[in-house]
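The block underneath contains the structure these notes are about, expressed in C-alpha cells.
Residue numbers (this note's numbering), protein chains in the order written: chain A, 18 to 831; chain L, -5 to 194.
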C-alpha cells in the first residue's frame, strides 16, 4: 500500500477531551434521581448463605431496593454478580440501593447474613494433597475443554483430583514441584531420545505470582431504564463484544442494551468483555425504578477486579553442547482462582514450544480451583508466565555451557513459519504466520550495546554489582473474520463505525486510518464513531489477546475495498463502461483514461443513495454477523456504504514477539535492585501508529518489570482473606522504578499473512520485561538465588547471606 | 457450625488477620447517622473559589474535596482512582500546591484558590502549555490518570520551572499510571515545561 497515513503519527480525536477533563468515564455520568449502591461482601473464603435478614435495612428511610443472587438470571453455573455460595473472601452477596452512599453503607451494616462456613483452600498444591480440601463442592480442578467446539470452548465440568502422598514425598522436600496425575497433556517428538542426546539436563521449579489487574478506573457502572431498554454506562475494553454479555447477565435481549462506553480507564484483560458486576446497577435500577450508580472502591476492585493466574511450573530441559535445546518437559500447576477456568497454562505451553523450538516436548498441566479472587486473562496470559518458568533454566544452562545469553536464545529462536505446539487432529503441527525474532534479537543487541554491558556485568563496585539479561516475549497477535461498516456521505466525509473499546491503545481509531488510506481520504475528512451501541457499530473483535490491530485493520481494509468497488460500479452505471475503467483517488472516483471525468465523493454519495440497493446499505452481504447487519440496516440510506467481513486468507497463527534487554544493579548489602536500562525491540509487523507502538512496548515491558521486582497479591492461608489489597500493598510500578529514559522500537517487517502487514503488540513485551529483568538479576547475583517472583530484596539478601536459596520454594500467594 | 457475619469478622480481627473489606465498607457510618444530607443547616453552606469562580456549595462535614468537585460542582475531570491518597488521580491545585483531593476535607479550604483540570484551558484552541504538550507527544494511553499527572506537573513546575527529567519524575512520583508508559509521560511533561518557559 502507498502509505500516507499508515506508519505516521497523528493526534487521536479523543485526546483533547481527555486532557481537558471533558472525556467521560462510567462514573462521570449523572442521571436525575440517581441512587447509589453498596455491596455486602463475603468475609469468608467459602460459605453458604443460610438466611438473610434485611428487615432493619428495609425499614431505613432512603433505602430503595435490595438485590440478592435470587434476583439474578441463572447463567448455567457460570459466575454471577452476586452469590448465595461465596467462593472467595470479598465476593459480593447482595447490594443495596439508597438515596446516598452513606445510607446504603449503613443499610449494609444492618443486614444480618447467616453464613455456614465451608471448607476452603487457597493453595493449589494443598488442594491436590490426598486429604486436601476442594474449593468447590463440584471438585477442585477443571479438565480439558470438550474437543471440536467452535469459538470459546465450554469448560469441562469440575472434577476432583488428588495426588498420592508418594507424589508429594518424592519431590516436595527438595523444593521441586510434585508431579502427580495431570489432567491435560500433549507431546511431540522423541522426548527420551532428546534427553539422551543432551550434554546437559536441568530440572528446575519456578513459582510465578498472581497480581490484580488494578486498572486506574475501577469497574464502576451506572444504569437506568427507558422505554424498556437498559442504558448502561460501564467500563469495557470491547464495546461490541460487551453488549451481548450484559444482555445475558441481566436476562434481556442484546438489542435492548444501550451500552455507552466511550472511554475505558484501563483493563489489561480484566474488562475484556465488560464486567459481570455491571449487572448489579442494571437490575437494581429496574427494581428501584430509578437510575443507580455503583461506585466500586479500590479495595472492592482488589477482590472482584480480577487477577492473573499464578503458575507453579517445573521445566526439565536438555541442551546440546552448543546450547541447542534437545528436549523440554514442562509440568504446570495453575491456580485458576474461584471461577474461570482460565487457559493461561495452555498458552504457556504453546508459547514455550514456540520461542524455544524444542525438537521434542511434553506439556502436562493441572488447572486447580482455589478460594481466591477470580482470575481473568491479564496482559500476556500464559506466555508471560512461561517466560518466568523457563527463562531461569536457559540462563543457567548458558552459564554452565559457556554460551552467550543472546546467542543461546538466538539459536533456539523461531524463524519464518516456525512450527509450535502438539500435532493437531489434521496430523500437522501448527505454525506461525512469520517470525523475525533473529532480526529483532540482532537489532536489540546492537542498540542495547550488549557486548559492552556484558563485559561490565558481574564486577563488584562497592556494594553494587551489575547484571544483564535478555528474553524473547511472545504472544498471539491477531484474529480474523471480523466486520466493518463505513459510509461516504453527501458531505464528502468518510464515516467509520468502530466497535472497538477505547482502552488507550488507540486501535479504536487506528483502524479508520486503514480505511482512509485505501480510499485516499485525507484524515481531516474522516469521522470515527465509537463507544455507544446505540450508534450502530459493527461486530468487532474483543480487544484482548493483542488481536485488534491485526483483526480490525483487515476488516476495515475489506470494508474500504468494498466501498471502492461500489464507487467503481456506481460510475459504470452512471457513466457507462466497466467498473475497472474507473479509479478512486483525491476524494473522487474518475475515468482512468480521462481523469477530468468523474464524481466527487459527495456527489457519488448522493447518487448511491438515489440508486439504493447495495450501494447505500439497503442490500447487505450474506456473510456478515447479525449485529453488523442490524447496524448497517440502521445506517442504510446515509451514503455509499462499505460493509464487509474480513475473508482475506491467512496461513498460520499470528504471533508477535518483543525482545527485552535489561541491565540491573543489585546492592548485595541491602538486596535492593535498580533497573539501570531497558531496551525493547518488537517483531510486530507493519507499524500503524508509531507513538502508540512504542507506548505499548514500554507499558507492557513495565508491567513485566513490576512483576519481576515487586508486584504481587497475598492471600492469608488460615483465614483465606486477601492481604495484598489496594495499591499500597500490591506494589504497582511507579515512575521512579524505571530508568529516566527507555528505548523501544520495532523492526517493522510486515507480517506476510495479512494484507496490511500489521499485528498486535500489547502483550509480547510483558514477558520480555519479566524475563529480562529476572535474568539480569540472576546474572548479577547468581543463577540459583531465586526461583519465584517477584524477586524482592529479602529473597536476594537472605539467599546471599546463607549461600543458598532460602525462600519458600512452593507456596503460592506469599 | 453457625456463625453470623459480624461474629466471624470479630473472630478474624481477634485472630490477628485483617478483614479489610469490611474496614472500608463500614467506615465511620454509624457516627454519621442523624447528620443527614438534607440542607438546612446554614454553616454547611460554604464558598469555594474553583477555577476562578466563587461557588456556593452545601457540604457535609466529612465530605472530601474530590466528592464536592465531582458530585456537587459537576467537575468530573478530577478522577478517583483509590480515594485513599495512594494514586494521585484526584490531584488538584490548592493555592498552586498539588493536593490529593480525596484526602482534603472541603470545609477546610473555604476561600482558598482551587484549580482543576477543567480550569486550565480557555478553549480547545487555547490549551495550557502542559495540555498542549500532552497532545503533541500523545503522552498518555487510557488517560484516567492524566488529569492528576497534569495538575501535579503544573504545581511542581511552579517551584522548579526548568527541571531535569530526574527532578520532574520526582515531582510527579505521587501519581500512578497503570498503562505505565511513564517514559512517554515524562517526555510529554518535559515538553510542557519547555512550552511553559516560552510562555513566561
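From the three backbone atoms N, C-alpha and C, an ideal C-beta is built for every residue, glycine too. Note that the structure is a prediction, hence the values are computed from the model and not measured.
So, helix, strand or coil for residue 583 of chain A, using DSSP?
helix
Can you look up residue 134 of chain A in the DSSP assignment and give me helix, strand or coil?
strand
Interface residues of chain C around residue 141 of chain L at Cβ under 7 Å?
Judged by its chain identifiers, the structure shown contains no chain C, and its protein chains are A and L.
For residue 504 of chain A, which residues from the same chain have a beta carbon less than 7 Å from its beta carbon, with the 5 sequence-adjacent residues on both sides left out?
512, 652, 655, 656, 657, 658
Answer with buried or exposed for residue 192 of chain L, where buried requires no fewer than 16 other C-beta atoms within 10 angstroms of its C-beta.
exposed
Compare the C-alpha of residue 54 of chain L against each of L:70, L:75, L:102 and name the closest.
L:102
What are the boundary residues of the alpha helix (DSSP H) that includes residue 363 of chain A?
361 to 373
At least three beta-carbon pairs within less than 8 Å, the segment 164 to 178 of chain L to the segment 126 to 137 of chain L
yes
By the 10 Å Cβ neighbour count, where 16 or more other Cβ atoms means buried, how is residue 191 of chain A classified, buried or exposed?
exposed
Please go through the same chain and pick out, in chain order, the residues whose beta-carbon is closer than 7 Å to the beta-carbon of residue 157 of chain A, but skip the five residues on each side of it.
144, 151, 177, 178, 385, 386
Quick check on this structure: which residue in A:267, A:726, A:760 has the alpha carbon closest to the alpha carbon of residue 714 of chain A?
A:760
Pair within 8 Å by beta-carbon distance, residue 257 of chain A and residue 327 of chain A:
no
Give a yes or no on whether the minimum CB-CB distance between residue 719 of chain A and chain L is below 8 Å.
yes
CA-CA distance, residue 316 of chain A and residue 147 of chain L?
27 Å
How should residue 28 of chain L be labelled, buried or exposed, when 16 other C-beta atoms within 10 angstroms of its C-beta is the threshold for buried?
Its pLDDT being 41, under 50, residue 28 of chain L is placed unreliably in this model, and the value from its coordinates should be taken loosely. Looking at its Cβ environment, which holds fewer than 16 other Cβ atoms inside 10 Å, residue 28 of chain L is exposed.
Taking its Cβ as the centre, do 16 or more other Cβ atoms sit within 10 Å of residue 91 of chain L, making it buried, or is it exposed?
exposed
Within 8 Å of any Cβ in chain L, is that where the Cβ of residue 750 of chain A sits?
yes
Enclosing alpha helix (DSSP H) for residue 212 of chain A [first to last residue]:
208 to 213
Reducing DSSP to helix, strand and coil, say where residue 84 of chain L ends up.
coil
Mind listing the chain L neighbours of residue 75 of chain A? Cutoff is C-beta to C-beta under 9 Å, in chain order.
Those within 9 Å of residue 75 of chain A in chain L number zero; the least Cβ separation is about 16 Å.
Would residue 692 of chain A and residue 396 of chain A qualify as a contact pair, given that the criterion is a beta-carbon distance under 8 Å?
no
Please go through the segment 753 to 817 of chain A and give each complete alpha helix (DSSP H) segment of 4 or more residues, from N-terminal end onward.
781 to 798
Three CB pairs or more closer than 8 Å across the segment 531 to 545 of chain A and the segment 745 to 752 of chain A:
no
So, is the C-beta of residue 676 of chain A closer than 8 Å to a C-beta in chain L?
no
I'd like to know whether the C-beta of residue 744 of chain A is nearer than 8 Å to at least one C-beta of chain L.
yes
Does the Cβ of residue 272 of chain A have 16 or more other Cβ atoms within 10 Å, making it buried, or fewer, making it exposed?
exposed
Residue range of the unbroken alpha helix (DSSP H) whose run includes residue 151 of chain L
140 to 153
Where residue 189 of chain L falls: helix, strand or coil (DSSP):
helix
Quick one: is residue 28 of chain A buried, meaning 16 or more other Cβ sit within 10 Å of its Cβ, or exposed?
exposed
DSSP puts residue 387 of chain A in a beta bridge; with which residues?
The partner list for residue 387 of chain A (beta bridge, DSSP) is empty, contrary to what the question assumes.
Nearest to residue 50 of chain L (by Cα), restricted to the options L:85, L:138, L:100
L:100
Top-ranked residue by Cα proximity to residue 410 of chain A, from A:717, A:369, A:312, A:712:
A:369
How about residue 660 of chain A and residue 650 of chain A: do their beta carbons lie closer than 8 Å?
no
Does residue 108 of chain L have its Cβ less than 8 Å from a Cβ in chain A?
no
DSSP beta-bridge partners of residue 380 of chain A:
A:203, A:347
With DSSP as the reference, please indicate the residues paired to residue 327 of chain A in a beta bridge.
A:352
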